[in-house]
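One structure below.
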Amino acid sequence: MFSSDIVPTIDRYVSLITRCVAKKHLKLGMTLHSHLIKTALAGDPFIANHLISMYSKCASIRSAHKAFHDLDTKNGCSWNTIISAYARIGDFKEALDLFDEMPQRALVSYNSLISGLSRHGFYVESLSIFMQMQDEYDCLFMDEFTFVGVVGACARLGALKFLRQVHGVAIIMGLEFTKITYNSLIDAYGKCGGADICRAVFDLMPEKDIVSWTSMLVAYTRAHNLDDACAIFNNMPAKNTVSWTALIAGFAQNGRGDEALDLFVQMHKEGLQPSPHTFVSVLCACADQALAERGKQIHGCIVRTCFNRDLDNIFIWNALIDMYCKCGDMRSAQVLFLRMPERDVVSWNSMITGFAQNGLGHESLVFLKRMLETNVRPNLVTFLGALSACSHTGLDVEALQIFNSMEKDYSLQPRSDHYAILVDLLGRKNRLEEAMELMESVSNKSDHVGMWGALLGACKVHGNLVIAQKSVDALLKLEPQNAARYVMLSSIYAATNRWDDSCGVRKQMEDRDLTKDVANSWIEVKNEMHKFPAKDRFHYQIGDIRKVVRKLACHMKEAGYVPEPNLRLIPEDDYDDCG
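Just so you know, our numbering puts 888 at position 575 of the sequence shown, and the rest follows in order with no gaps.
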């Protein structure tokens with residue numbers, strides 16, 4: 314390894330170890346370790362610590378542990394290095410065991426555990442280690458790395474109160490606030506819903522970078538304050554793909570998909586290359602508003618502009634499939650699904666739910682079966698889609714089997730949404746008493762609006778006034794200002810010719826100053842979205858629309874569909890009395 318006339322120094326060995334780490338050359342590192350053992354230098358703590366670090370960074374934790382174990386004289390750096398190694402790979406049992414054996418714990422040891430636990434999703438445990446550290450030092454103690462790790466855990470947990478306490482402790486201690494600490498605070502307050510505090514921290518920053526501006530922008534979008542988000546965006550001294558994507562995602566997530574798409578076009582004109590996250594955001598905007606044509610255009614843009622690496626991005630594939638499903642184009646969704654280089658549970662869920670929402674319940678259940686055959690573990694969303702498929706197809710026996718398998722086969726506790734779909738299915742089958750019994754059997758979930766709403770809808774179809782009244786009473790306790798519940802009960806009374814009761818419910822609405830929100834429908838024609846409020850008479854094409862509606866009515870009659878007189882909602886001669 315070395316020529317005979319060269320006497321290697323410790324620094325030379327350390328330099329070689331560092332190069333092995335940089336190149337991820339484990340085999341060469343092991344050869345070097347063997348040479349060090351022969352020269353008796355492997356027992357030098359300084360070299361041994363670098364060997365432990367090399368093995369851990371080259372994904373050989375067993376060799377790292379052996380190098381640590383063979384070291385006779387372990388210093389604080391030795392302990393910290395091996396603990397960090399286990400924390401990095403998420404083996405917290407071994408990391409904590411070593412931590413407990415450590416003769417004298419240092420701040421860096423705590424930081425390794427706090428950041429490692431947080432990085433692997435153990436946020437509560439991360440904060441617990443932080444509190445343990447305070448108890449051990451018997452004083453307020455942290456540095457910049459501690460602060461960033463703890464603040465990150467608070468952000469993930471939405472622990473605003475604890476976050477403010479940690480922030481206060483840092484100020485009392487006189488912790489030096491750098492760009493990193495400021496940016497972590499802005500991000501955390503934004504995720505915890507504290508946009509106002511977020512802005513106060515942002516304004517205190519002596520020097521802001523693009524991360525600061527973008528984090529502030531995201532905080533406002535999370536708080537549904539798009540005006541201030543736009544103001545931040547417009548005042549940014551420099552914008553990049555991340556900041557554009559953040560604003561696009563904010564509009565998409567707040568139900569303003571048209572503006573999100575306009576921003577995407579503007580970004581393209583600025584000459585910025587969209588990232589996979591950008592495409593996912595605009596595809597979500599298309600999906601939420603069922604903008605099929607715009608979605609296809611985005612799909613074409615992805616094919617034209619993405620590099621091979623991005624074309625394999627599973628998030629883009631899943632967003633495309635979700636978009637086609639929500640736009641009702643199951644054929645395109647299925648073609649994409651079959652072409653995917655790899656699939657995860659989200660891919661399968663999109664197809665299962667997409668088929669269900671488009672009235673193709675049998676196809677949805679076929680995909681569920683295929684998913685289970687490929688050993689992809691289902692989650693709660695999978696079962697929501699499968700139960701919806703059964704509900705839309707009237708497969709009550711299959712639905713109960715699927716529902717029971719959640720806990721029995723996969724240890725998944727059904728949530729209120731799952732019960733609501735089952736209640737809806739039983740209601741469609743006119744098994745209203747069974748639906749009531751099911752709701753009573755899960756008393757901790759009986760305050761779920763969806764369950765009572767599904768039951769009320771079934772009562773309207775089958776004219777069950779007794780259970781309808783119970784449902785409305787429960788719903789009005791949960792949503793006293795929801796006029797739609799009164800309208801539904803009034804309609805049920807009207808459908809059973811109980812006009813006095815129907816008018817009485819409408820009178821209650823007037824007395825409580827409740828009005829039902831105007832219903833709207835949308836349709837996309839040539840990249841333009843047309844919105845139609847109920848009873849709209851002012852659309853510029855209303856004449857043509859009425860002609861088409863009359864033709865449709867004629868076709869319906871020719872096909873054997875006739876109006877059901879019993880479903881009129883109000884007697885013609887009493888129309889004026891009911892307002």
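Note that beta-carbon positions come from the ideal geometry of N, C-alpha and C, so glycine has one too.
How is residue i classed by DSSP in three states: helix, strand or coil?
i, result
"Asp889", "Any reading at Asp889 needs caution, since the residue's pLDDT is 47, under 50, leaving its predicted position unreliable; the model's value is listed next. In the structure shown, Asp889 sits in a helix (DSSP, three-state: H, G or I)."
"Ser373", "coil"
"Pro416", "coil"
"Tyr853", "coil"
"Arg325", "helix"
"Leu604", "coil"
"Arg617", "helix"
"Ser815", "helix"
"Asn631", "helix"
"Met749", "helix"
"Gly481", "helix"
"Gly717", "The sequence shown places Asn at residue 717, rather than the Gly named in the question. It is helical."
"Ala702", "helix"
"Leu453", "coil"
"Cys640", "coil"
"Ser317", "Unreliable placement is indicated for Ser317, whose pLDDT of 48 sits below 50; the coordinate value is still reported in the next sentence. It is coil, neither helix nor strand."
"Tyr806", "helix"
"Pro793", "coil"
"Asn567", "coil"
"Phe435", "coil"
"Asn424", "helix"
"Arg332", "helix"
"Lys474", "helix"
"Ala380", "helix"
"Tyr874", "coil"
"Arg741", "helix"
"Asn626", "coil"
"Gly462", "helix"
"Lys521", "coil"
"Cys467", "helix"
"Gly584", "coil"
"Met444", "helix"
"Asn362", "helix"
"Gly506", "coil"
"Ala551", "coil"
"Val593", "helix"
"Leu827", "coil"
"Glu655", "coil"
"Lys337", "coil"
Can you tell me where the alpha helix (DSSP H) holding residue i begins and where it ends?
i, result
"Arg728", "Premise fails: Arg728 is in no alpha helix (DSSP H) and is neither H nor E."
"Ala669", "658-670"
"Phe490", "Counting along the chain, Phe490 falls outside any alpha helix (DSSP H), and DSSP gives it neither H nor E."
"Ala353", "First-last for Ala353: undefined, no H or E at that position."
"Val689", "Taken as a continuous stretch (DSSP letters only), Val689 belongs to no alpha helix (DSSP H), as it is neither H nor E."
"Asn390", "The question names Asn, but residue 390 in the sequence shown is Cys. 389-402 is the extent of the alpha helix (DSSP H) around Cys390."
"Gly763", "762-775"
"Phe546", "539-548"
Is it the case that the Cβ atoms of residue i and residue j are separated by a distance below 7 Å?
i, j, result
"Gly403", "Ser431", "no"
"Ile499", "Met529", "yes"
"Met636", "Leu596", "yes"
"Leu768", "Val736", "yes"
"Thr527", "Val555", "yes"
"Trp630", "Met664", "no"
"Val710", "Val689", "no"
"Ile734", "Ser754", "no"
"Ser366", "Thr394", "yes"
"Gly667", "Ala646", "yes"
"Ser594", "Ile627", "no"
"Met446", "Tyr423", "yes"
"Ala468", "Ala513", "no"
"Ile427", "Gly462", "yes"
"Ser525", "Asn496", "yes"
"Ser803", "Ser784", "no"
"Thr809", "Gly776", "yes"
"Thr687", "Asn662", "no"
"Phe650", "Ile615", "no"
**the region 347-365 touching the region 386-399, judged by at least three CB pairs closer than 8 Å** = yes
**Prompt:** Can at least three beta-carbon pairs, one atom from the region 480-487 and one from the region 450-462, be found at a separation below 8 Å?
**Reply:** yes
**Asked** Pairing CB atoms from the region 333-340 with CB atoms from the region 370-377, are three or more of them under 8 Å?
**Response** yes
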